[in-house]
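Asks: Got a structure for you, written out below as structure tokens; questions coming shortly.
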Amino acid sequence: MRLDHPNVRRDGAPIEITYDGERIPALAGETVAAALAAHGVAAYRHTRDGGRRGLYCGMGACFECLVTVDGKASQRACLTKVVEGQVVRSQPPAGTAADPLAPLVPPPDGAAPEERTPDLLVLGAGPAGLAAAEAAARRGAEVVVLDERPQSGGQYFKPLAPSHRADRPTDRQFRAGRALVDAARLAGATIIQEATVWGAHAPDEVVAVVAGRETVYRPRRLVIASGAYERPAPFAGWTLPGVMTTGAGQTLARAYRVAPGRRVVIAGNGPLNLQLACELVEGGVTVAAVLESAPRPSPAHWRALWTAVRSAPGLIGDGARYLLRLRRAGVPVLWSHGVIAAEGAAEGAERLERVRYAPLGADGAPRLAEAVSVPADALCLGYGFIPSTEIARALGCAHRLVDRHLGYLATETAEDGATSLPGVFAVGDGVDLGGSKVAQARGTLAGIAAATQLGFADTDPEQARRARTDLRRAEGFQAALWSIYQAPPPRLDTVPDEAMLCRCEEVTFGQVRAEIAAGHDSLAALKRNTRLGMGRCQGRYCAATAALLLEQATGRPRAAEQYLAPRLPAKPTPAGAFAFEKPEWGGHQRAITPNLARPLEDGPLPDQEAEILIVGGGVVGACLAYYLTQAGRDVLVVERGDTNLQASGANAGSLHVQLLSFDFGAKAEAGGGPAAATLALGPRSIALWRDLERACGADFELAVTGGLMVADSPAGMEFLRAKAALERRYGVENAIIDAAELRRLAPALSEELVGAEYAPQEGKINPLRATYAVLEQARRQGARFLRGVNVTGIAAAPAVEGGGWRVETPRCRIRAKQIINASGPWARETGRLVGIDVPVHSAPLQMIVTEPAPKLVSQLVAHADRHLSLKQAVTGGLIIGGAWTAVFDPARRFNTVARSSIEGNLWVARHVLPQIAGLHVVRAWAAMNINIDGAPIIGPVPGLPGFFNTVTSNGYTLAPVVARMTADLLLDGRTDIDPTPFLLDRFR
1 MRLDHPNVRR DGAPIEITYD GERIPALAGE TVAAALAAHG VAAYRHTRDG
51 GRRGLYCGMG ACFECLVTVD GKASQRACLT KVVEGQVVRS QPPAGTAADP
101 LAPLVPPPDG AAPEERTPDL LVLGAGPAGL AAAEAAARRG AEVVVLDERP
151 QSGGQYFKPL APSHRADRPT DRQFRAGRAL VDAARLAGAT IIQEATVWGA
201 HAPDEVVAVV AGRETVYRPR RLVIASGAYE RPAPFAGWTL PGVMTTGAGQ
251 TLARAYRVAP GRRVVIAGNG PLNLQLACEL VEGGVTVAAV LESAPRPSPA
301 HWRALWTAVR SAPGLIGDGA RYLLRLRRAG VPVLWSHGVI AAEGAAEGAE
351 RLERVRYAPL GADGAPRLAE AVSVPADALC LGYGFIPSTE IARALGCAHR
401 LVDRHLGYLA TETAEDGATS LPGVFAVGDG VDLGGSKVAQ ARGTLAGIAA
451 ATQLGFADTD PEQARRARTD LRRAEGFQAA LWSIYQAPPP RLDTVPDEAM
501 LCRCEEVTFG QVRAEIAAGH DSLAALKRNT RLGMGRCQGR YCAATAALLL
551 EQATGRPRAA EQYLAPRLPA KPTPAGAFAF EKPEWGGHQR AITPNLARPL
601 EDGPLPDQEA EILIVGGGVV GACLAYYLTQ AGRDVLVVER GDTNLQASGA
651 NAGSLHVQLL SFDFGAKAEA GGGPAAATLA LGPRSIALWR DLERACGADF
701 ELAVTGGLMV ADSPAGMEFL RAKAALERRY GVENAIIDAA ELRRLAPALS
751 EELVGAEYAP QEGKINPLRA TYAVLEQARR QGARFLRGVN VTGIAAAPAV
801 EGGGWRVETP RCRIRAKQII NASGPWARET GRLVGIDVPV HSAPLQMIVT
851 EPAPKLVSQL VAHADRHLSL KQAVTGGLII GGAWTAVFDP ARRFNTVARS
901 SIEGNLWVAR HVLPQIAGLH VVRAWAAMNI NIDGAPIIGP VPGLPGFFNT
951 VTSNGYTLAP VVARMTADLL LDGRTDIDPT PFLLDRFR
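UniProt numbering numbers the first residue of the sequence shown as 1 and each following residue consecutively.
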């Protein structure tokens, strides 16, 4: 349904697109979402479980409105403009020769991305960003503004799309937006639309995709004005097509003159909902009800009302006019009401049909006995906002928790937007919530401050004074408005178990509650156990809800450092844009081994006693605990952070049998001998993983699909022949295959590949499932686990006390007969406590995962001459790694990705699997890997009776076998595999 307005006319040429084979009329200049909504289409992408999703946020943050456009997968309908003859599909391409994933962007030009060096880079062209750009450019700074939307103005101004024209602005909001955009341009700022910011690796290294190409900006100063997105308000059915945010409804109505539906319910908190209701009523839409969760304003609010009237009489007048207009139109405005459920015709429905709502008590609980159900084909939700702090957090700017509504992280800034990082400013609702007037005033101050730092003269000192006056007035108005519209607290306990918490990964409240009850009571543990926050929206629409749910369930207050770690890219970005070839190197690049633990608990504990103490709660510690408790031993495992949260929980899950390319030949550690000696362990360990999966009664997503190490040259094939011959001497099954056989096994791989080594025993496993399942089985067998326990001292106990070991920690003392050092990258640190050197080095590595793809490859794929590990997960995402180096940020005690490694890794991956160019990168992350000499270190330590080491590189594959061998040595003094090549003695 299209909306008419006396002062707005349709200006875009009539064109036609197709959607799932149906011809759809459209207007040039509008988005795919606007065209589909005008035609009454609400259902877009298909979920993994067979459901449908539609337009939700309307601003490109939620990634729910994905469609395939002319063969390009995962295009956001809310941002993608229509073109004559466009073919739009709700399903992604099949990834076959007949229906391939079309490249999302052109191949990169040159050997490196383009670099630009403006004085000031502004991220975001909303009120704050435009004001900052105007103020700095007026003072002579070269300013570039990057904005993701098709038009400048942000969520607040929502300018009219090119599909329509108005001879004059239809209201004050349109007029102010146009004036601000014009002022920024007139001052000399360059505004680049449809630019997706990957993220910021440093204040002077901001990476974006502009016109389909990676561009690196190296500004002298940076202003982050990334805006906010509407906060989730979960209830049963909130993922149905037709349920969207108020912002999405407003974008359709104001920018594209399209109604979100014919009969609409609007619910939430604040006056924006009244504005949307009036705009829809004026366009001929039936608004069934406006539900406001706050109580009706009363005389008790007179102070706040008076402050609001004094601060912004025009806005208060608008609010009064909205209420009067709705009353005249017969639209009920129901205060202290909220939505209970959105309902379709049946399970699996493709569109909203009814909305159930009820009065809310003072405590926020719905009075279900008074619930009402009304027909509706659209439900617009506006419950407030959450700042988009992703880039500021990735840079390491200081943040604090704001406990309002669901709670959110706010960037700590000075009045002029200066953050804790020199040269970085953050302003607007992307910092903290304050509304458009606060954003614009702070943006002006930030632009002036940045220009001043750069040495430009302040040519208009009065502008700063006016901005500060405006800021005080706007802050007073906003505080008064929040007081008037103060809603009851969110009642997550009333949300039913079947309601979705994580929209992207389809994780329900019931699943999350069950995990919390099982002891997985941190956001990081929930993420690893349920995939919450791992989808395309990267936690924007679930993390705050999950954090509050955790606080309410555990009583443990939320803290900024316990939120999900910031990951790049800030939003899914085309993989093909970042593929640049990099030089190769040998093995892993070693680094320091910092303490990365962020313990949830630090209070005192009772002193502990155990027969066997295992230091380290990763996968090796879990397997040790399993085998030792299976033998009836008393086992205590201590972990200074949380279990499975470091190297084990962040690895890619490859099950290797053949040697990696850098473990053979000239690149190999210690000449390759230790790695070769380890070959016999791989097949045994994978067999043990199968046994563990059966014993735990859990699905590890373990698949022995075979491994391919591919080559693209005759020299590479010769390398593989020599490597394969050595591996066969150690019992590894393999075969050298030619290009034709490679094509038969993996038809999606590049036609430039000339052959491969095929190792049928290789495969993959989900480390997020497997480690936790083994931990739980060990716990059922009697193992005890203590987290947040950092071992700081180990001493032998005197014989008069029965021998054994005394262990010191900040939380308790521990007595143990025997100790196993299973500290992974930190094994050297633990060894030093007993006076030995365990020559373990850490190697921060990074991994990349794409969005879910059609089935492209079954095998574990590596390369003979390049660093590469590639496999496709059960969820469809391609996991790309291969020992590309990450970096450690000492200020935050945090490993983070390096741009050069991202570029090089993606180049190799695309070279081997070309259809990667048709996918988006969803996230990249860094983890701590272990580097020894190519072989594990296991067994007892001479001269230290009762002290054992168990640490290995290639740790996930080998964890069960090294744990089994250590357990045998501890229990029986022998093992059926000769441990000699793996003992610590080999280094003497």
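Using N, Cα and C, we set each Cβ at its ideal position, and we do this for glycine too.
What do you reckon, are the CB atoms on R116 and Y217 nearer than 8 Å?
Replies: It is a contact, given that the beta carbons lie within the stated cut-off.
Asks: Going by the beta-carbon positions, is the gap between G60 and L79 smaller than 8 Å?
Replies: Yes. Within cutoff.
Asks: Below 8 Å, how does it come out for the segment 950-960 and the segment 646-658: are there three or more Cβ pairs, yes or no?
Replies: Flag = yes, the segment 950-960 and the segment 646-658 touch.
Asks: V144 and L121: beta carbons closer than 8 Å?
Replies: Closer than 8 Å, so yes.
Asks: So S436 packs on P150, CB below 8 Å; how close in whole Å?
Replies: About 20 Å separates the two Cβ atoms, so there is no contact after all.
Asks: Under a three-way DSSP split, which group does G707 fall into?
Replies: If DSSP states are grouped into helix, strand and coil, G707 belongs with the strands.
Asks: Do P839 and F948 have their CB atoms nearer than 8 Å?
Replies: No, these two residues do not count as a Cβ contact at 8 Å.
Asks: Between A559, K582, L471 and G384, which lies nearest to V908 when the distance is taken from Cα to Cα?
Replies: Taking only the C-alpha atoms, the option nearest V908 is K582.
Asks: Could you tell me whether the segment 501-514 touches the segment 525-533, where touching means 3 or more Cβ pairs closer than 8 Å?
Replies: The segment 501-514 is in contact with the segment 525-533.
Asks: By DSSP, does H39 sit in helix, in strand, or in coil?
Replies: Coil.
Asks: Just reading off the alpha helix (DSSP H) that G682 is part of, what are its end residues?
Replies: That run of the alpha helix (DSSP H) goes L681 to C696.
Asks: Give me the residue from A724, T629, L605 and S713 with the minimum Cα distance to D663.
Replies: Comparing Cα-Cα distances from D663 to each of A724, T629, L605 and S713, the minimum goes to A724.
Asks: Taking all protein chains shown into account, do 16 or more other C-beta atoms lie within 10 angstroms of the C-beta of T980, making it buried, or fewer, making it exposed?
Replies: Exposed.
Asks: So that I know if they touch, is there some Cβ in chain C lying closer than 8 Å to that of D182?
Replies: In summary, chain C is missing from the structure at hand, where a single protein chain is found.
Asks: Measure the Cβ-Cβ separation of I15 and V82 and say whether it is below 8 Å.
Replies: Contact flag set, yes.
Asks: Evaluate N766 with the Cβ neighbour count: other Cβ atoms within 10 Å of its Cβ, from every protein chain shown; 16 or more gives buried, anything less gives exposed.
Replies: With 16 or more Cβ atoms within 10 Å of its Cβ, N766 is classed as buried.
Asks: Using only the alpha-carbon positions, how far apart do E230 and R400 sit?
Replies: Rounded to the nearest angstrom, the two C-alpha atoms are 19 Å apart.
Asks: Mark residue 995 as exposed unless 16 or more other C-beta atoms lie within 10 angstroms of its C-beta, in which case mark it buried.
Replies: The requested residue 995 is not part of the displayed model; the chain covers only 1 to 988.
Asks: Going by DSSP in three states, C65 sits in which element: helix, strand or coil?
Replies: Correct three-state label for C65: coil.
Asks: Here's the rule I'm using: 16 or more other beta-carbon atoms within 10 Å means buried, otherwise exposed. How should E390 be labelled?
Replies: By the neighbour-count rule (16 or more Cβ atoms within 10 Å), E390 is buried.
Asks: Buried or exposed: where does D429 fall if 16 or more other Cβ atoms within 10 Å of its Cβ makes it buried?
Replies: D429 should be labelled buried.
Asks: Compute the Euclidean distance between the alpha carbons of A464 and I448, then round it to the nearest angstrom.
Replies: Distance between the alpha carbons of A464 and I448: 7 Å.
Asks: Do three or more CB pairs link the segment 302-317 to the segment 352-371 at distances below 8 Å?
Replies: Contact fails: fewer than three Cβ-Cβ distances are below 8 Å.
Asks: Between A575 and I916, is the Cβ-Cβ spacing less than 8 Å?
Replies: Yes, these two residues count as a Cβ contact at 8 Å.
Asks: For S163, list the residues DSSP reports as bridge partners.
Replies: For S163, which the question treats as bridged, DSSP gives no partner whatsoever.
Asks: If we call anything under 8 Å between Cβ atoms a contact, is G804 one with A795?
Replies: In this structure, A795 does not lie closer than 8 Å to G804 by Cβ.
Asks: Going by the DSSP bridge assignment, what does Q408 pair with across the sheet?
Replies: The sequence shown places Tyr at residue 408, not Gln. In the DSSP output, where bridge partners are listed per residue, Y408 has V402.
Asks: Please confirm if the segment 879-897 is in contact with the segment 770-783, defined as three or more CB-CB distances below 8 Å between the two stretches.
Replies: Counting Cβ pairs under 8 Å, fewer than three are found: no touch.
Asks: What residue does the alpha helix (DSSP H) around T419 start on, and which one ends it?
Replies: Run containing T419: none; DSSP gives neither H nor E here.
Asks: Do you know whose CA, among E506, R598, L305 and E515, lies nearest W482's CA?
Replies: With distances taken between Cα atoms, W482 lies closest to L305.
Asks: Please report how far the alpha carbon of G682 lies from the alpha carbon of I814, in whole angstroms.
Replies: Taking the straight line from one Cα to the other gives about 35 Å.
Asks: Which term fits Q91, buried or exposed, when burial requires 16 or more other beta carbons within 10 angstroms of its beta carbon?
Replies: With fewer than 16 other Cβ atoms within 10 Å, it is exposed.
Asks: If you draw a straight line from the alpha carbon of A345 to that of L406, how long is it in whole angstroms?
Replies: The straight-line gap from Cα to Cα measures roughly 31 Å.
Asks: Taking Cβ to Cβ, would you say Y772 is nearer than 8 Å to A735?
Replies: The answer is no: Cβ separation not under 8 Å.
Asks: Between the segment 260-273 and the segment 234-241, do three or more beta carbon pairs fall short of 8 Å?
Replies: No: fewer than three Cβ pairs fall under 8 Å.
Asks: Find out if the Cβ-Cβ distance for the pair S713, V657 is shorter than 8 Å.
Replies: Result no, Cβ atoms of S713 and V657 do not sit closer than 8 Å.
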